[in-house]
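Read through the structure below, which is laid out as structure tokens, and then see the notes.
Residue numbers (this note's numbering), protein chains in the order written: chain A, 4 to 182; chain B, 4 to 182; chain C, 2 to 400; chain D, 2 to 400.
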């Protein structure tokens, strides 16, 4: 990545940090449940709760009817808080953008339970950006979804910040670690 | 109308005339059944067959189930060869464009039979132009409709030539005279 | 064989400018002078363009973001007395609408790319004449706007209608201010971490913050430093957050937020900002036991002349906050008593109520239908089916 | 109270340029250097963008003009061995597609307005890489293009793939020529009164004329005068016109036009133009008595390796030429014998057949479904439902 690009990204990250720091200092809410992920790394704006205690309770209901084999279905285990058209139906996969679209370098993070091992995992809900709506396999899951004044937990936002263009194509759900 | 506008229109009309003259001189087909109408006046490119003999035969089947009271229905008598979204469902009427859209100064002309009096009438199929598809009340009638190499009888064309912009909004069917 | 020729472009940039002029009077004014008699037909109809009367309180503007084709959104103008479509506007990517208090202008905040989905991005406020539904101008938003499934509190006019406030998250949060009288971009105010705009005065607004508080902003259109005052948390944003769509009445200064669990936070527009003055619940023990809770999208409407509050309610568990309403519950906002339960044939996402003395209640369904009720007798007046692809928001005059 | 500030635009034109660079390696390359350990999570998946393999003969490009939102059309790339969606392209207002003979480029002719439905109009040829589905450039068509419900013969490459021919009606009829190797607009050739383009050689094409004839055009890319030769009428354009969609094979030089009443006019690509060499009927007396006739949109497909012709047929009266087909009739183009009747569960508007030795037959329905058949055994291989709004045209490689 070029240093120019790094600088832009840093500026975005710095603003997000400032935003979060100012508000979380009051009650520390965001610190417990939200995280902004850029690339593969969680930015240092928010310590992440690795116990997954809170998210786990939220994700439980979805996991009861979830499956782990078909990412073109709305009950695929990673989609516990997804909203939009599933990239797996559009020429991509849960962590692959369809041809000609870009994974957003930013995302919000949810916690879903894998019904096979009962473990909670952190899922980065990144949009694939750069083409108009894929239009296939619309899913709406709202476990733990919060209003937009808590953006790290909101699924209405076009999560394309930092992508070459902000046109929403489809929704992906990349596995980024254990909760 | 400004003289500048007149000149543009004249250029359009002149080209249509030249086009038609060259081809109709061979077998005179267009002369019998087609006409280009600009504004309220038929341009002198084609003598119009006022007997309506040929069109009448074509329009007869449609007229058998047509009605004259509800222009939001596909069987409204003037729609015997219309294709698209009916302006009457979009804030307009059979000869009124919805707000913010423009009647095309050009059109093609079909012949429909009014079932109330059994008479054949000339109908100008003008598109209303300037907004994206109205999307309401799609109708497709193909009585007497011809391929696009006979443009004066084709209903696939965006009939917005001479309008401020060529974006198709809806289809209208203005009464312009007796056939 | 004939010899052909290569020809120059007929319609260039100049050509389109000419064509634009051409449109004005063509249908009416073109005469038949100079045409041979056989080319002239009796013309029995003029072909005109409809012009709407003054904006009626019974009209509703229905915003459809068109999820399968987000760059081709539309706003339908619907006469509730029908109901029937009066016209429509083409809008850009995830647009927002605002209606001028004097009813003479519609403001659309929208985003375009030069080649539909690619190329240079432009964010604009587009001004519309509500009678002709034609754009009359635009103001560029140089800093952009928040791209999100359209929500009403993304865009709002100050109480006197002079300044348009456009919420922006890039992801830093700012509010873009446009002087709509001078059609001029004033600037962006940075309000870190808080979201949405709820105007409180001619040059002031409040926003919702992640800790359950409001922040109050007063700006100087001449460029002086804005004043930003933090409020105290009034709801628990972890356990029971309030919905984004509040009912805010410019007319009587009353504001209603509703939480996921059905708690109402009542506020008042005060000179110093939006002040929360009371709190009560939409549901009693029995309702709660049956699982009734608010939900949908624009789930709340308020009729200022009669102080009535309308809320979409459904039965469901936690985290069903986006589930459409099975019923509209009607409350007296003064006694906080439920006056009626209106069952909905089509579960509804969004609600609006006209602000006149013979009010209509509008319910917009997931199935793209709009049902109109008498908002006093709750009698169903009619339903418009097939209203676009995914209509989501409703706007009436004098909200 | 804190003092706020007005802020300058964050992302201006420069910002977007930077963001574009940013995209290239962000998902893969951003490290975790400098972050505190508690902020770093194990990363179990890279987030990548799919890249397609070389274009396969079993792929089909499905063009959807999206009638309810014509400015937001799409082309879907579908793998017939599935069938499944491989990706898509966003295209402009009433677009057309052409596939390079070497399979390395896709050409889209499309029209944009600066503000979606209004503002300055731009007509372009956009070049796509078929593996990445990304635009790689564009050539402006200064004279515009024909705006009509998309038809395949509006746009075609010359037989060697060097020149792209875009039919234009403004309403004067011309053909715009683009040199796709140099990505340069060459010019427009005026061919009064005739329509559509059927390439016949490296610098020649024929067009259909209103009197039932073809006109043959040979152009000089260096700007010399084009030669235009009128042909004799070969069909009765009043009593029984031919459909616009012909089957034209660049591979074996055979051409098939079909008329409303089911007459086949067979042609050959000759150096001097498209020559009609024979005529026969799709229907015998019995078929005719039962009302069988061809119809739909792209109603014809030809498999060059086996000389088979596929036609959509339905039962109906005169002027039902746009009615979808109930069956596909399969003919041996040499013996003119009907080999099979393939019933369709979903009546189809358009047909295509892959040009390989294990051919697939594609049938596109009015209900936005694509059904795939083995084109030899006519066994149904699968159906893709919900393929956009109003898919209309099918394109395969090596047509």
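Glycine included, C-beta positions come from ideal geometry on N, C-alpha and C. Please read these numbers as outputs of a predicted model, since none were measured by experiment.
Using C-beta distances below 8 Å, list every residue in its chain close to residue i, excluding the 5 sequence neighbours before and after it, in chain order.
i: residue 389 of chain D; result: 63, 65, 67, 75, 77, 369
i: residue 101 of chain A; result: 90, 93, 94, 95, 131, 134, 137, 172, 173
i: residue 193 of chain C; result: 173, 174
i: residue 101 of chain C; result: 107, 108, 158, 162, 181
i: residue 185 of chain C; result: 140, 179
i: residue 129 of chain C; result: 90, 106, 107, 108, 109, 135, 136, 137
i: residue 212 of chain D; result: 234, 238
Only counting the same chain, and skipping five residues up and downstream in sequence, which positions put a Cβ closer than 7 Å to that of residue i?
i: residue 104 of chain A; result: 131, 132, 133, 134, 172
i: residue 229 of chain C; result: 192, 216, 218
i: residue 25 of chain A; result: Reliability fails at residue 25 of chain A, whose pLDDT of 38 lies under 50, so the model's placement of it is uncertain and the value that follows must be treated cautiously. Closer than 7 Å at Cβ, skipping near neighbours: no residue.
i: residue 226 of chain D; result: none
i: residue 78 of chain B; result: 68, 69, 70
i: residue 110 of chain B; result: 40, 127, 128, 129, 162
Quick one: give me the first and last residue of the alpha helix (DSSP H) that residue i is part of.
i: residue 286 of chain C; result: 286-290
Starting from residue i and walking both ways along the beta strand (DSSP E), at which residues does that stretch end?
i: residue 204 of chain D; result: No beta strand (DSSP E) contains residue 204 of chain D, which DSSP labels as neither H nor E.
i: residue 217 of chain D; result: 215-219
i: residue 322 of chain D; result: Careful: residue 322 of chain D lies outside any beta strand (DSSP E) and carries neither H nor E.
i: residue 86 of chain A; result: 86-88
i: residue 111 of chain C; result: 107-114
i: residue 173 of chain B; result: 171-174
i: residue 104 of chain B; result: Taken as a continuous stretch (DSSP letters only), residue 104 of chain B belongs to no beta strand (DSSP E), as it is neither H nor E.
i: residue 129 of chain C; result: 122-130
i: residue 381 of chain D; result: 381-385
i: residue 78 of chain D; result: 75-80
Taking residue i as the reference, give the member of the options with the closest Cα.
i: residue 122 of chain C; options: C:141, C:343, C:104; result: C:141
i: residue 52 of chain C; options: B:96, B:80, B:153, B:136; result: B:96
i: residue 372 of chain C; options: C:134, C:329, C:338; result: C:329
i: residue 291 of chain D; options: D:317, D:146, D:208, D:101; result: D:317
i: residue 6 of chain C; options: D:132, D:178, D:117, D:46; result: D:178
i: residue 219 of chain D; options: D:212, D:213, D:205, D:225; result: D:205
i: residue 99 of chain C; options: C:196, C:144, C:49, C:164; result: C:164
i: residue 252 of chain C; options: C:377, C:356, C:109, C:176; result: C:356
i: residue 49 of chain D; options: A:129, A:143, A:155; result: A:129
i: residue 360 of chain C; options: C:366, C:346, C:375, C:367; result: C:375
i: residue 120 of chain D; options: C:118, C:119, C:132, C:136; result: C:136
i: residue 358 of chain C; options: C:336, C:325, C:399, C:188; result: C:399
i: residue 195 of chain D; options: D:326, D:188, D:187, D:209; result: D:209
Excluding five sequence neighbours on each side, which residues of the same chain lie with their C-beta closer than 6 Å to the C-beta of residue i?
i: residue 16 of chain C; result: Low confidence applies to residue 16 of chain C: its pLDDT is 29, below 50, so where it sits in the model is not reliable, and the reading given next is rough at best. Correct list: empty, nothing qualifies.
i: residue 139 of chain D; result: 125, 127
i: residue 254 of chain C; result: 269, 270
i: residue 243 of chain C; result: 236, 258, 260
i: residue 115 of chain C; result: 121
i: residue 232 of chain C; result: 214, 215
>> Taking contact to mean 3 or more Cβ pairs, one atom from each stretch, closer than 8 Å, check whether the region 304-311 of chain C and the region 223-238 of chain C are in contact.
In response: no
> With a cut-off of 8 Å, do at least 3 Cβ pairs link the region 271-279 of chain D to the region 197-205 of chain D?
Replying inline: yes
> Looking at C-beta atoms only, is the number of pairs between the region 137-154 of chain A and the region 97-115 of chain C that lie closer than 8 Å three or more?
Replying inline: no
> Is there contact here, the region 291-301 of chain D with the region 341-350 of chain D, by at least three beta-carbon pairs under 8 Å?
Replying inline: yes
>> Using a Cβ distance threshold of 8 Å, determine whether the region 331-347 of chain C contacts the region 161-172 of chain A, with at least three qualifying pairs required.
In response: no
> What residues from the region 112-132 of chain D come within 9 Å of chain C, judged by C-beta to C-beta, listed N to C?
Replying inline: 113, 115, 116, 117, 118, 119, 120, 121, 122, 123, 125, 127
> Using Cβ-Cβ distances below 8 Å, what residues of the region 118-150 of chain B are close to chain D?
Replying inline: 133, 134, 135, 136, 138, 141, 143, 145, 146, 147, 148, 149, 150
> What residues from the region 70-81 of chain D come within 9 Å of chain B, judged by C-beta to C-beta, listed N to C?
Replying inline: 70, 71, 72, 73
> Looking at chain A, which residues of the region 44-67 of chain D have a Cβ within less than 9 Å of any of its Cβ atoms?
Replying inline: 44, 45, 46, 47, 48, 49, 50, 51, 52, 53
>> Counting only Cβ-Cβ distances shorter than 7 Å, please list the residues of the region 93-118 of chain A near chain D, keeping chain order.
In response: 93, 94, 95, 98, 99, 100, 101, 102, 103, 104, 105, 106, 108
>> Can you pull out the residues from the region 150-174 of chain B whose beta carbon lies closer than 7 Å to at least one beta carbon of chain D?
In response: 150, 151, 152, 153, 154, 159, 160, 161, 164, 168, 169, 170, 171
>> Using a Cβ-Cβ cutoff of 9 Å, what residues of the region 238-260 of chain C are near chain A? List them in chain order.
In response: 238, 239, 242, 243, 244, 245
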